[in-house]
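Residues 1 to 244 (the working numbering) are what the sequence shown spells out, left to right.
Glycine included, each C-beta is placed from N, C-alpha and C at the ideal position.
Worksheet: one structure, shown below.
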Amino acid sequence: MSTHTDEIWQQAGGDALDVYLLGLVDFDAAQVLQQQLSNELRTRVDRRAICLVCEHPPLISMGREGSRSQILCEPGDLAARQIDVRWMNRGGGALMHAAGQVAMYPLVPLDRLGLSVAALRDLLTRVAISACTEQRLRAEAFPATGSIATRGGQVGQVGLSVRSGLSRQGLFLNVNPSPRLYQLVDAGLGRQTSIAEDRQRPIHISSVRECLVRRLAQELGFSRFHVFTGHPLLRRTRRLVTYA
């Protein structure tokens, strides 16, 4: 079971953002944890928000604008690779998740922070672009699809869902995933890429993750944030990951 360790306190006043660094987490387990933490946040009356930051084993998620035609291989090929498909109530279309892609799930009480869904979507897009900029990579937003792209192709996507005034799902940014997985999905902007591929050098995912967390706290207006490793409610799963 995960425990709270490596706690980092950013000192200042006011309400705070709690950030949980979860490592490599099964996709379904992350969805269950979002639901549990959302239920907890609904009982609060302050501005506190939560953000889960993790990576996932290979899996395809399909948003509200997605279609089966975006999956560029046969079901048997996915089964051979042990890659499942999940249909999600979030914005956007098909997404290929894998280790090396940062998944960022902000659970935000929109009314208490004075945000609309569109404002949060734009905010997360700015966070992703800032992370690319810190890696000396120019990126731009495509609001119609929620995509973030560089000259090399689509590098990230924002896809949100909202229930009872609380946001779920969020931002997905390719740092250094296996390029072999890109060809399985048409994400909507043609070629897909990653920060490492565009920069043509190794990129440490921890440096990108740190920027994403820092910029998210700033954009949400939090003067402090708490960072934890793991979460006691997280259920770990183990399975074979096949790339070939």
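Thinking residue i and residue j are a contact (beta carbons under 8 Å), I'd like their distance in whole angstroms, please.
{"i": "His97", "j": "Leu59", "result": "5 Å"}
{"i": "Leu216", "j": "Leu160", "result": "About 14 Å; that fails the 8 Å criterion."}
{"i": "Gly92", "j": "Glu134", "result": "That belief does not hold up - the Cβ atoms of Gly92 and Glu134 are roughly 24 Å apart, past 8 Å."}
{"i": "Pro106", "j": "Ala49", "result": "7 Å"}
{"i": "His56", "j": "Ala103", "result": "6 Å"}
Less than 8 Å between the C-beta atoms of residue i and residue j, yes or no?
{"i": "Asp46", "j": "Asp26", "result": "no"}
{"i": "Ala131", "j": "Cys211", "result": "yes"}
{"i": "Leu110", "j": "Val162", "result": "yes"}
{"i": "Arg214", "j": "Val53", "result": "no"}
{"i": "Val155", "j": "Ala149", "result": "yes"}
{"i": "Pro246", "j": "Ala99", "result": "In the structure displayed, the chain extends from 1 to 244; residue 246 sits before or after that span and is not available."}
{"i": "Arg90", "j": "Gly63", "result": "yes"}
{"i": "Leu173", "j": "Gln101", "result": "yes"}
{"i": "Leu41", "j": "Leu166", "result": "yes"}
{"i": "Glu122", "j": "Gly152", "result": "According to the sequence shown, residue 122 is Asp rather than Glu. Not closer than 8 Å, so no."}
{"i": "Val175", "j": "Ile129", "result": "no"}
Please work out which residues of its chain come closer than 7 Å, Cβ to Cβ, to residue i, disregarding the five sequence neighbours upstream and downstream, and give them in chain order.
{"i": "Leu233", "result": "Leu33 and Gln36"}
{"i": "Phe142", "result": "Ala149 and Leu189"}
Spatial neighbours of residue i within its chain, please: CB distance less than 8 Å, with the 5 preceding and 5 following residues excluded, ordered by chain position.
{"i": "Val185", "result": "Ile60, Gln70, Ile71, Leu72, Ala94, Leu95, Met96 and Gln192"}
{"i": "Ser2", "result": "The predicted model places Ser2 with a pLDDT of 38, which falls under 50 and marks its position as unreliable; any figure quoted below should be read in that light. Excluding positions up to five away in sequence, the list reads Leu22, Thr229, Gly230, His231, Pro232, Leu234 and Arg236."}
{"i": "Leu24", "result": "Cys54, Glu55, His56, Pro57 and Ala99"}
Short of 6 Å in beta carbon distance, which residues of its chain neighbour residue i, apart from the five on each side in sequence? Order them along the chain.
{"i": "Thr145", "result": "Gly188"}
{"i": "Arg168", "result": "Gln34 and Ser161"}
Give the range of the alpha helix (DSSP H) segment to which residue i is assigned.
{"i": "Gln101", "result": "Where Gln101 is concerned, there is no enclosing alpha helix (DSSP H), although the beta strand (DSSP E) it sits in stretches over Gln101 to Leu107."}
{"i": "Asp122", "result": "Val117 to Glu134"}
{"i": "Gly66", "result": "Element bounds for Gly66: n/a, residue is neither H nor E."}
{"i": "Phe222", "result": "Looking at the DSSP string, Phe222 is not in any alpha helix (DSSP H), and its letter there is neither H nor E."}
{"i": "Ser32", "result": "In the sequence as presented, Ser is not what sits at residue 32; that position holds Val. That run of the alpha helix (DSSP H) goes Phe27 to Leu41."}
Between which two residues does the beta strand (DSSP E) carrying residue i extend?
{"i": "Phe225", "result": "Phe225 to Thr229"}
{"i": "Ile60", "result": "Leu59 to Met62"}
{"i": "Arg86", "result": "Asp84 to Trp87"}
Enumerate, from N- to C-terminal direction, the unbroken beta strand (DSSP E) stretches of 3 or more residues contained entirely within the segment 162 to 204.
166 to 174
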